[in-house]
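Peer 1: First, the structure itself, so that you have it in front of you.
Number of protein chains: 2
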Amino acid sequence: MKPDTPESRWWGWGSPGRAYPLPESARDYLVRALDLPGRWPRHENIETVELPPVRFGRNDLASVAASCTLLSDTATRVRHAMGRSFRDLVRLRSGRLPVAPDCVAFPGSGESLRRLLATAAERDWVCVPFGGGTSVVGGVEALNGAGDRPVLTLSMAQLRRVLDIDPTSRTATLEAGIFGPELESALARHALTLGHFPQSFEFSTLGGWVATRSAGQGSTGNGRIDDLVVGLQVDTPQHTTRVGGFPASAAGPDLVSLYLGSEGRLGVIREVTLRLRPLPRSCPVRAFLFRSFAEGCAALREIAARPHRPTVIRLSDETETELFLRLSPPGTTVKKLVHRVGTALLSRRGVPLPGSCLVLFSFEGEEGSTDSAARDTRRALRGLGGVDLGASPALKWRSERFAHPYLRDELLDLGALADTLETCTSWSRLPGLYAAVRQALRRAIEESGSAALVLCHISHLYADGASLYFTFIGRADQIDPLTQWQRIKDAASEAILRAGGTITHHHAVGYEHRPWFEEEVGAAGADLLRAAAQEADPTGILNPGKLLA
Amino acid sequence: MKPDTPESRWWGWGSPGRAYPLPESARDYLVRALDLPGRWPRHENIETVELPPVRFGRNDLASVAASCTLLSDTATRVRHAMGRSFRDLVRLRSGRLPVAPDCVAFPGSGESLRRLLATAAERDWVCVPFGGGTSVVGGVEALNGAGDRPVLTLSMAQLRRVLDIDPTSRTATLEAGIFGPELESALARHALTLGHFPQSFEFSTLGGWVATRSAGQGSTGNGRIDDLVVGLQVDTPQHTTRVGGFPASAAGPDLVSLYLGSEGRLGVIREVTLRLRPLPRSCPVRAFLFRSFAEGCAALREIAARPHRPTVIRLSDETETELFLRLSPPGTTVKKLVHRVGTALLSRRGVPLPGSCLVLFSFEGEEGSTDSAARDTRRALRGLGGVDLGASPALKWRSERFAHPYLRDELLDLGALADTLETCTSWSRLPGLYAAVRQALRRAIEESGSAALVLCHISHLYADGASLYFTFIGRADQIDPLTQWQRIKDAASEAILRAGGTITHHHAVGYEHRPWFEEEVGAAGADLLRAAAQEADPTGILNPGKLLA
Ligand SMILES: Cc1cc2nc3c(=O)[nH]c(=O)nc-3n(C[C@H](O)[C@H](O)[C@H](O)COP(=O)(O)OP(=O)(O)OC[C@H]3O[C@@H](n4cnc5c(N)ncnc54)[C@H](O)[C@@H]3O)c2cc1C
Ligand SMILES: Cc1cc2nc3c(=O)[nH]c(=O)nc-3n(C[C@H](O)[C@H](O)[C@H](O)COP(=O)(O)OP(=O)(O)OC[C@H]3O[C@@H](n4cnc5c(N)ncnc54)[C@H](O)[C@@H]3O)c2cc1C
Numbered sequence: 299m300k301p302d303t304p305e306s307r308w309w310g311w312g313s314p315g316r317a318y319p320l321p322e323s324a325r326d327y328l329v330r331a332l333d334l335p336g337r338w339p340r341h342e343n344i345e346t347v348e349l350p351p352v353r354f355g356r357n358d359l360a361s362v363a364a365s366c367t368l369l370s371d372t373a374t375r376v377r378h379a380m381g382r383s384f385r386d387l388v389r390l391r392s393g394r395l396p397v398a399p400d401c402v403a404f405p406g407s408g409e410s411l412r413r414l415l416a417t418a419a420e421r422d423w424v425c426v427p428f429g430g431g432t433s434v435v436g437g438v439e440a441l442n443g444a445g446d447r448p449v450l451t452l453s454m455a456q457l458r459r460v461l462d463i464d465p466t467s468r469t470a471t472l473e474a475g476i477f478g479p480e481l482e483s484a485l486a487r488h489a490l491t492l493g494h495f496p497q498s499f500e501f502s503t504l505g506g507w508v509a510t511r512s513a514g515q516g517s518t519g520n521g522r523i524d525d526l527v528v529g530l531q532v533d534t535p536q537h538t539t540r541v542g543g544f545p546a547s548a549a550g551p552d553l554v555s556l557y558l559g560s561e562g563r564l565g566v567i568r569e570v571t572l573r574l575r576p577l578p579r580s581c582p583v584r585a586f587l588f589r590s591f592a593e594g595c596a597a598l599r600e601i602a603a604r605p606h607r608p609t610v611i612r613l614s615d616e617t618e619t620e621l622f623l624r625l626s627p628p629g630t631t632v633k634k635l636v637h638r639v640g641t642a643l644l645s646r647r648g649v650p651l652p653g654s655c656l657v658l659f660s661f662e663g664e665e666g667s668t669d670s671a672a673r674d675t676r677r678a679l680r681g682l683g684g685v686d687l688g689a690s691p692a693l694k695w696r697s698e699r700f701a702h703p704y705l706r707d708e709l710l711d712l713g714a715l716a717d718t719l720e721t722c723t724s725w726s727r728l729p730g731l732y733a734a735v736r737q738a739l740r741r742a743i744e745e746s747g748s749a750a751l752v753l754c755h756i757s758h759l760y761a762d763g764a765s766l767y768f769t770f771i772g773r774a775d776q777i778d779p780l781t782q783w784q785r786i787k788d789a790a791s792e793a794i795l796r797a798g799g800t801i802t803h804h805h806a807v808g809y810e811h812r813p814w815f816e817e818e819v820g821a822a823g824a825d826l827l828r829a830a831a832q833e834a835d836p837t838g839i840l841n842p843g844k845l846l847a
Numbered sequence: 299m300k301p302d303t304p305e306s307r308w309w310g311w312g313s314p315g316r317a318y319p320l321p322e323s324a325r326d327y328l329v330r331a332l333d334l335p336g337r338w339p340r341h342e343n344i345e346t347v348e349l350p351p352v353r354f355g356r357n358d359l360a361s362v363a364a365s366c367t368l369l370s371d372t373a374t375r376v377r378h379a380m381g382r383s384f385r386d387l388v389r390l391r392s393g394r395l396p397v398a399p400d401c402v403a404f405p406g407s408g409e410s411l412r413r414l415l416a417t418a419a420e421r422d423w424v425c426v427p428f429g430g431g432t433s434v435v436g437g438v439e440a441l442n443g444a445g446d447r448p449v450l451t452l453s454m455a456q457l458r459r460v461l462d463i464d465p466t467s468r469t470a471t472l473e474a475g476i477f478g479p480e481l482e483s484a485l486a487r488h489a490l491t492l493g494h495f496p497q498s499f500e501f502s503t504l505g506g507w508v509a510t511r512s513a514g515q516g517s518t519g520n521g522r523i524d525d526l527v528v529g530l531q532v533d534t535p536q537h538t539t540r541v542g543g544f545p546a547s548a549a550g551p552d553l554v555s556l557y558l559g560s561e562g563r564l565g566v567i568r569e570v571t572l573r574l575r576p577l578p579r580s581c582p583v584r585a586f587l588f589r590s591f592a593e594g595c596a597a598l599r600e601i602a603a604r605p606h607r608p609t610v611i612r613l614s615d616e617t618e619t620e621l622f623l624r625l626s627p628p629g630t631t632v633k634k635l636v637h638r639v640g641t642a643l644l645s646r647r648g649v650p651l652p653g654s655c656l657v658l659f660s661f662e663g664e665e666g667s668t669d670s671a672a673r674d675t676r677r678a679l680r681g682l683g684g685v686d687l688g689a690s691p692a693l694k695w696r697s698e699r700f701a702h703p704y705l706r707d708e709l710l711d712l713g714a715l716a717d718t719l720e721t722c723t724s725w726s727r728l729p730g731l732y733a734a735v736r737q738a739l740r741r742a743i744e745e746s747g748s749a750a751l752v753l754c755h756i757s758h759l760y761a762d763g764a765s766l767y768f769t770f771i772g773r774a775d776q777i778d779p780l781t782q783w784q785r786i787k788d789a790a791s792e793a794i795l796r797a798g799g800t801i802t803h804h805h806a807v808g809y810e811h812r813p814w815f816e817e818e819v820g821a822a823g824a825d826l827l828r829a830a831a832q833e834a835d836p837t838g839i840l841n842p843g844k845l846l847a
């Protein structure tokens, strides 16, 4: 029985029934600015994608087949072969995949999962936990570590039950394979919400969020997934381990934190208990313009020190602000508004357009407290040099919050190299990090023979710093776009580490960030994690090559 | 050179120059209610305390003596022999200590600390990291694990420098041996505060807080120490490891969390980078009475869901509320106030006195936001059945916040067994946990042949639950108070685990909580920690017997 997961495009992002085409003006602008060829051919039929041969023999899997759905048809293998990084999209489009799982297993109970893991350890099969497969760092790729071990990808798609909702404590325990929308609608029935909305929300899973230390769009106010997990249950080849479960404790190091970000290396996260909040009844939003990115940063640093922070707050740099406006089709409210404000008020106040920077924020919660917090924040931003644009640009952003990933496929269709990366640092290092990464990206793209478009926004605030989210676009090399991309990625990653940023704020490590991760945590830090992995998985069958070499 | 640490009583709590005698009425009440003998003799002279012989030979320490102050006189050994648990106080009073460090080392630099650890690993000397020595769980006791290994207690008293303050990011990096008041006064010069005030604040250290996952009185609003550490540096016999350092990251599991609560088992925490907040300029406080503990709990559960929570909020049960009033000398404002309110307003509204429960709260921060948050909270508490007592009971509590520990020595002087313990659970389990622990304590004290006084308050709120802090008092068995105490402790600990609480909310594990800790985290969880400890400290010289067997 095939599980009824959300339908999605095998070669790109999102729901096959949906499209968010680039407005024609934006499309023309990008083709011109980046000299794009206007096309990138794409393999059409999933059934004819070329895959490596299956390494399992006829009867190898017989003993697990009784307790677990197993599929190794081409379409299933393709759908579980990789995530959604730029590298993945390029390879999927080509119709030829160098790696794929030998089989995909869909355990439907703890018992069948445990049995599978025990058998895999006994027979030396690699197991790759697979949630929504939205990893952008190679986290679900069917690497087998060493030798000729077959790879069993372990889909969580049949482990999606809501196990318990405790409205008094505002907690819920769910199986880890549950997707974002299912989770939220189960909670909404109790007037509760997790409030965790990564841009991949519709196609990613609770277990994936926990395994990668995901941040959602509302994490500035609601906390990262790290802050929302009360406890969890993990299966390894030898044990079922339950950790956490208390609002707080001083009983030794917090073991929940060891599993957050463990990327499948310490076991399969099967159940998660979450800390919830009342479903918000009010969501005031607002947009502001600042004269420069530096001035916007200074304002956000002030907001970050407040006890009641916005749920969402973002600051786009000059380039991103300009593109945001270009992406608004002519004649829309936003465009009209900003242009009206821009030509009159803004220039009078010294906020030039283009050249200014957009801030969007929202508060979600009870009417009384969100209204007064939004009012205070508006007052503060005005005092810090911002020009109030009203609600409409923020409403536009909100309504499109899950649509942007579709644009990446549109860009690839035009022959563009388009990707994003994110980092985080302290307020004092932020300006240096911003400049260094931007320059590294521009230079590396230009050195690859293309014009460069590099956008950035602050995506999350913390008391002591903030995250930077970069989008970079160029013309894809028509012969070897992956080498071109790797050079750009290397240059940006080097710049991040040298300027004091973390290699990833929310995309995790997988294998794409692995070399820089080991540099970031140092040999002793990596060895500590290796020791934990060795303890949890003595034969090394769990997701080898991800996170740690 | 002896380091100039805060002067403190070797046999009990606090500064020798200070005393907070019990008001006579309270003293009489307790002597009568618990039938106390009124005395408990105490060994007077630290120089004549009996200690086990020193296991180091004449020249064993010569190689480290060059780079590090080493002391093994009786007074220094006594002062570093144990913490401040009830067991410790009983043994100190007796003038005969079964364990003590063979020598106390005071490294004054990273270099000298590293050399010490390397030598210790080579020669198989046990090292016990020692901050303020305020552990109440046996964390600093000079256990040597196995065999006849000598114990070198490693005082952090010479590692107390402020290394860097970054006012833009609102972070500071300090050496871990710094005491609470030194730390706060260094930060206050930059109009910043850590806002971490455990009751032991004046005599405990940053490194101790981190190693034990301490919670301060303001942790409901300001966060636990767990939330305040940005990064840290740790020395082990083989490495110096730097972890964290970013406001947030998704680069693998959070290694900072592995050291939080590591109780010396994973290395000596030498430097800590902290997340700070602006020094508060306003601190509105208020007291309320509720009809019952259950009603007070329900009200606090509502407050816990608010985006701007009080810095401090506490709810005392009926017994603790009554004792709080008895401890107020007759004629004081609080007493008069509560009695006036009590006899008139309270009884009319159905809030009986005695039998009602006191809530105290404060908000610390900017004037505007604290005032409006305090106003909202007052309104909410009124709506939830509370009777507003005004500010004075809360001001009284604030002014005495570091004085209560002195009372324990006063009680021991009267011949009482007096101790505290704390736990934490979800809102839905809280009533059951409260009843179970209270009953277990009362029964165990009564079975030991004494009347029992058991008080409790909610000390910290979380969205999903709260912590319970119990104080229990009885008549100490004059022949074997430690066995009497252990039976009571066992009964309470059993009750905590059975009712779904954690064995400790902020006192850590040491060896007093070790058996229940291993039950709480399970064999697989404990094995993961053991694997990390084995990696960090292959020869097992770091604080053996604490946290893990
Ligand atoms: C368009 C797009 C937008 C994105 N936006 C965001 C964003 O806003 N914020 C964000 O944080 N991330 C974002 N991501 C990245 C990605 O969605 C997250 O990493 C997400 O948490 C992955 O969830 P998943 O269920 O798809 O996990 P998968 O991709 O299936 O797996 C991710 C990793 O976790 C492991 N894993 C999965 N489930 C389990 C389990 N139950 N137990 C143990 N290990 C497991 C996998 O082996 C793999 O290493 C985005 C990705 C895309 C493509
Ligand atoms: C009266 C009283 C009131 C208290 N109130 C509170 C309270 O409100 N909140 C609270 O959380 N606790 C409280 N405690 C407990 C105690 O104060 C805390 O555990 C505190 O964090 C210990 O700090 P310390 O510097 O005294 O550490 P120590 O007692 O010296 O050490 C505690 C543990 O940490 C280890 N350690 C110390 N420094 C380091 C280091 N640099 N590197 C590695 N390991 C180290 C030690 O080996 C030991 O295992 C109280 C104790 C007393 C006696």
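Protein sequence lines, in the order shown, are assigned to chains A and B.
For the first sequence, the residue numbers in the working numbering are 299 to 847.
For the second sequence, the residue numbers in the working numbering are 299 to 847.
A virtual CB, placed ideally from N, CA and C, is assigned to each residue, including glycine.
Listed from N- to C-terminal order along the chain, which residues in the stretch 526-553 of chain B have their beta-carbon within a distance smaller than 7 Å of any beta-carbon of chain A?
Peer 2: Going along the stretch 526-553 of chain B in chain order, one finds 528, 537, 539, 540, 541, 544, 545, 546, 547, 548, 549, 550, 551, 552, 553 with a Cβ nearer than 7 Å to chain A.
Peer 1: Would you kindly work out how many angstroms separate the C-alpha atoms of residue 587 (chain A) and residue 758 (chain B), rounded to a whole number?
Peer 2: About 40 Å.
Peer 1: Rounded to a whole number of angstroms, what is the C-alpha to C-alpha distance between residue 766 (chain B) and residue 802 (chain B)?
Peer 2: Distance between the alpha carbons of residue 766 (chain B) and residue 802 (chain B): 10 Å.
Peer 1: Please determine, among B:323, B:843, B:443, the residue with the shortest C-alpha to C-alpha distance to residue 810 (chain B).
Peer 2: That would be B:843, whose Cα lies nearest to the Cα of residue 810 (chain B).
Peer 1: Let's see if you can read the secondary structure: which residues bound the alpha helix (DSSP H) around residue 763 (chain A)?
Peer 2: Counting along the chain, residue 763 (chain A) falls outside any alpha helix (DSSP H), though it belongs to the beta strand (DSSP E) covering 763-773.
Peer 1: Beta-carbon separation of residue 387 (chain A) and residue 710 (chain A) under 8 Å?
Peer 2: Result yes, Cβ atoms of residue 387 (chain A) and residue 710 (chain A) sit closer than 8 Å.
Peer 1: I want to check one thing, is the minimum distance from the CB of residue 497 (chain B) to the heavy atoms of ligand 2 below 7 Å?
Peer 2: Because some heavy atom of ligand 2 lies under 7 Å away, the Cβ of residue 497 (chain B) counts as near it: yes.
Peer 1: Would you verify that the beta carbon of residue 515 (chain B) is, or is not, closer than 8 Å to some beta carbon of chain A?
Peer 2: Taking Cβ atoms only, chain A never reaches closer than 8 Å to residue 515 (chain B), which makes this a no.
Peer 1: Tell me which same chain residues have a C-beta within less than 6 Å of the C-beta of residue 352 (chain B), skipping the five on either side of it?
Peer 2: Closer than 6 Å at the Cβ level, and outside the excluded window around residue 352 (chain B), lie 370, 400.
Peer 1: At a cut-off of 7 Å, would you count residue 510 (chain B) as near ligand 4, judging by its Cβ distance to the nearest heavy atom?
Peer 2: Although ligand 4 was asked about, the structure shown includes only ligand 1 and ligand 2 as ligands.
Peer 1: Since residue 841 (chain A) and residue 445 (chain A) are thought to touch, with beta carbons under 8 Å apart, how far apart are those beta carbons, to the nearest angstrom?
Peer 2: Not quite, the Cβ-Cβ distance comes to about 16 Å (not below 8 Å), so this is no contact.
Peer 1: Quick check on the burial criterion: 16 or more other C-beta atoms within 10 angstroms. Buried or exposed for residue 777 (chain A)?
Peer 2: Residue 777 (chain A) should be labelled exposed.
Peer 1: Below 8 Å on C-beta distance, what does residue 832 (chain B) contact in chain A?
Peer 2: Result: 829.
Peer 1: Nearest to residue 528 (chain A) by alpha carbon, out of B:824, B:408, B:724, B:730?
Peer 2: The shortest Cα separation from residue 528 (chain A) among B:824, B:408, B:724, B:730 belongs to B:724.
Peer 1: With H, G and I counted as helix, E and B as strand and the rest as coil, what does DSSP make of residue 318 (chain B)?
Peer 2: Coil, per DSSP.
Peer 1: Check the DSSP bridge columns for residue 753 (chain A) and list the partner residues they point to.
Peer 2: DSSP output for residue 753 (chain A) lists A:769 as bridge partner(s).
Peer 1: Going by C-alpha to C-alpha distance, which of B:520, B:550, B:788 sits closest to residue 605 (chain B)?
Peer 2: If we check each option's Cα against that of residue 605 (chain B), B:520 comes out closest.
Peer 1: Please compile the residues from chain B whose C-beta is within a distance smaller than 7 Å of the C-beta of residue 807 (chain A).
Peer 2: The answer, in chain order, is 549, 550.
Peer 1: Quick one: does residue 819 (chain B) have its CB under 8 Å from some CB of chain A?
Peer 2: Taking Cβ atoms only, chain A reaches closer than 8 Å to residue 819 (chain B), which makes this a yes.
Peer 1: Does residue 610 (chain A) come out as helix, strand or coil in the three-state DSSP assignment?
Peer 2: Here residue 610 (chain A) sits in strand by DSSP.
Peer 1: What residue range does the alpha helix (DSSP H) around residue 403 (chain A) cover?
Peer 2: Counting along the chain, residue 403 (chain A) falls outside any alpha helix (DSSP H), though it belongs to the beta strand (DSSP E) covering 401-404.
Peer 1: By a C-beta neighbour count over all protein chains shown, 10 Å radius and 16 as the cutoff for buried, is residue 761 (chain B) buried or exposed?
Peer 2: So residue 761 (chain B) ends up on the buried side.
Peer 1: Does the contact criterion of 3 or more C-beta pairs under 8 Å hold for the stretch 334-347 of chain A versus the stretch 370-379 of chain A?
Peer 2: The stretch 334-347 of chain A is in contact with the stretch 370-379 of chain A.
Peer 1: Express the C-alpha separation of residue 395 (chain B) and residue 349 (chain B) in angstroms, rounding to a whole number.
Peer 2: Cα-Cα distance, rounded: 5 Å.
Peer 1: So which residues of chain B does residue 801 (chain A) contact, with C-beta pairs closer than 7 Å?
Peer 2: Neighbours of residue 801 (chain A) on chain B, chain order: 549.
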